[in-house]
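Working notes, beginning with the structure itself.
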Ligand SMILES: O=C(O)/C=C(\CC(=O)C(=O)O)C(=O)O
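In the working numbering, the protein residues as written are -4 to 302.
If you want it as structure tokens, here you go:
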């Protein structure tokens, strides 16, 4: 029953909900594997979406996330604040508290956050803050404000997660490389996978990784980047083949600075919703040896989030 204080929450038109009954992956994850990029959304009745949001998702609760974690065979999650919750980290903190040592978080903080609030987020399990430069998702924040935030969180041992699109890297390059913390790039900086992996676009990203050892990359989100598929649906265990060379290059060249995550519940996909079990079957195509899988899925996330 709705009251005056609870306006109905209407999803963005065309919203795709997460895959209802994912298959069990054929690829057996190494013990201790971490899903290092996933979200919780709401539930809106308990944790309302931010007024300034650019989309309204389906609810995706902590209980549903933890059930997926167990079903796929992950031991832990890194839960990343999404823009639909703005800088209100209550849903994130609630999920982290419920998960205990099985989750860490990446929050969104504003420059006016108090030291006590930062400490509370740290106690809940937050280990990073996210700067989102994707224009359809977030309003512009001046670089000096972001820089100030980075200097505030650095003494806590936190890092900065950045999300941007490949065409904006030239303009953002100097800002990222001068940040005082480890910098983790979401989804490989969203390369244009219709271009060759050894072309000029991805070359700039590789140069940034090569020349700046404080920069890491998530080799996640083939379902968002792929142009030719095939999608992770209908039993397909060799999905998103056009993205594989990009992710595999990063895993092989920078094995100690890559992370992988499901991106569940996959906000803003327009074309299809992947079967998360088949998405896990993508991993051995980008990390072909047991040694690379161990670093990508266990050693790297544990070092960054649990040490
Ligand atoms: O879930 C992701 O990583 C990607 C997103 C959503 C997002 O980043 C956000 O809302 O903060 C996207 O490309 O729409």
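Quick reminder that beta carbons are idealized off the backbone N, C-alpha and C, glycines included.
Listed in chain order, the non-local C-beta contacts of residue 168 below 8 Å within the same chain comprise 199, 203, local neighbours out to five positions each way being set aside. At a cut-off of 7 Å, the beta-carbon of residue 262 counts as near ligand 1: some heavy atom of the ligand is closer than that.
A distance of 8 Å or more separates the beta carbons of residue 68 and residue 103. Relative to ligand 1, the beta carbon of residue 117 is positioned no closer than 7 Å to any heavy atom. Rounded to whole angstroms, the Cβ separation of residue 154 and residue 299 is 7 Å, and the two are in contact under 8 Å. Short note on residue 277: C-beta not closer than 7 Å to any heavy atom of ligand 1. Less than 8 Å separates the beta-carbon of residue 179 from that of residue 254.
Beta-bridge analysis with DSSP links residue 124 to 102, 155. Taken through DSSP and simplified to helix, strand or coil, residue 171 comes out as helix. Here the alpha carbon of residue 269 sits roughly 19 Å from the alpha carbon of residue 75.
Look at the stretch -3 to 81 and you find these whole runs of beta strand (DSSP E), each 3 residues long or longer: 29 to 33, 71 to 75. At least one heavy atom of ligand 1 lies less than 7 Å from the C-beta of residue 34. For residue 142, there is no enclosing beta strand (DSSP E); the enclosing alpha helix (DSSP H) covers residues 138 to 148. Counted as a single uninterrupted DSSP element, the stretch harbouring residue 129 is not any beta strand (DSSP E), since DSSP gives it neither H nor E.
A direct Cα-to-Cα measurement between residue 214 and residue 273 gives close to 16 Å. Short of 6 Å from the beta carbon of residue 138, and not among the five residues preceding or following it, lie these beta carbons of its own chain, in chain order: 170. Going by C-alpha positions, residue 265 is about 19 Å away from residue 184.
Per DSSP, reduced to three states, the secondary structure at residue 278 is helical. Contact check for residue 89 against residue 57 passes: the beta carbons are separated by less than 8 Å. Annotation for residue 174: 145, 155 place their beta carbon closer than 7 Å to its own, counting only its chain and skipping 5 residues before and after. Between ligand 1 and residue 84, a heavy atom-to-CB distance of less than 7 Å is absent. Under the DSSP assignment, residue 239 falls in the alpha helix (DSSP H) whose first and last residues are 239 to 248.
Listed in chain order, the non-local C-beta contacts of residue 149 below 8 Å within the same chain comprise 175, 176, local neighbours out to five positions each way being set aside.
Remark: the C-beta of residue 235 is outside contact range of ligand 1, defined as less than 7 Å to any heavy atom. Per the coordinates, the alpha-carbon of residue 28 lies some 10 Å from the alpha-carbon of residue 64. It is roughly 12 Å from the alpha-carbon of residue 85 to the alpha-carbon of residue 77.
Residue side-chain check: residue 181 places its Cβ nearer than 7 Å to a non-hydrogen atom of ligand 1. Ranked by Cα distance from residue 135, the first of 159, 120, 113 is 159. Using a cutoff of 7 Å, the CB of residue 138 does not count as near ligand 1, since none of the ligand's heavy atoms is closer than that. Burial state of residue 109 is exposed, judged by a 10 Å Cβ sphere holding fewer than 16 other Cβ atoms. Annotation: the continuous alpha helix (DSSP H) that includes residue 202 extends over 195 to 206.
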